[in-house]
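**Student:** Residue numbers for the sequence shown, in this note's numbering: 49 to 153.
We put the beta carbon where it would ideally sit given N, CA and C, even for glycine.
Structure below; questions to follow.
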Amino acid sequence: CCRVRSGRFEVFASGAGGLVRVVPLVRATAALHPGAEFSFRASSIPSHEELFRASSDKDAAEWVAVIDRVVSYEQEREEASLRLLTAGSGMFKYNYSNSKRVKRF
49 CCRVRSGRFE VFASGAGGLV RVVPLVRATA ALHPGAEFSF RASSIPSHEE LFRASSDKDA
109 AEWVAVIDRV VSYEQEREEA SLRLLTAGSG MFKYNYSNSK RVKRF
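In structure tokens, the structure reads:
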């Protein structure tokens with residue numbers, strides 16, 4: 049059916065089918081519904097929404113909890129990356145003529 053791996057929500061075809069689609073979990077939400085169902089909505093491009101049925105209410109609640117944890121982790125990683133890009137870094141220019149003057153032993 050589906051799995052969560054490395055910040056992605058992967059949906060497989062029923063049976064022994066292959067991977068059908070991969071949805072990034074950076075901007076996503078999961079909601080629990082009655083009848084052991086849960087929905088998943090991603091605001092990626094293109095937007096994605098699906099309704100799944102788990103084997104029990106407990107399994108559906110666990111799916112929602114896992115998706116929520118992964119989404120918050122991925123959002124933290126994205127924010128950390130943006131902070132790093134915003135802060136910038138130092139740049140060192142390599143100058144070939146300077147390297148000739150280096151003493152070699």
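Does residue 129 come out as helix, strand or coil in the three-state DSSP assignment?
**Tutor:** helix
**Student:** Determine which residues share a DSSP beta bridge with residue 122 and list them.
**Tutor:** Secondary-structure assignment with DSSP links residue 122 through no beta bridge to anything.
**Student:** Specify the secondary structure class of residue 56 as computed by DSSP and reduced to three states.
**Tutor:** strand
**Student:** Name the DSSP beta bridge partners of residue 77, please?
**Tutor:** Beta bridge pairing from DSSP links residue 77 with 89.
**Student:** Got a sec, what are the start and stop residues for the beta strand (DSSP E) residue 72 sits in?
**Tutor:** 67 to 72
**Student:** At the level of alpha carbons, what is the spacing between residue 133 and residue 73?
**Tutor:** 21 Å
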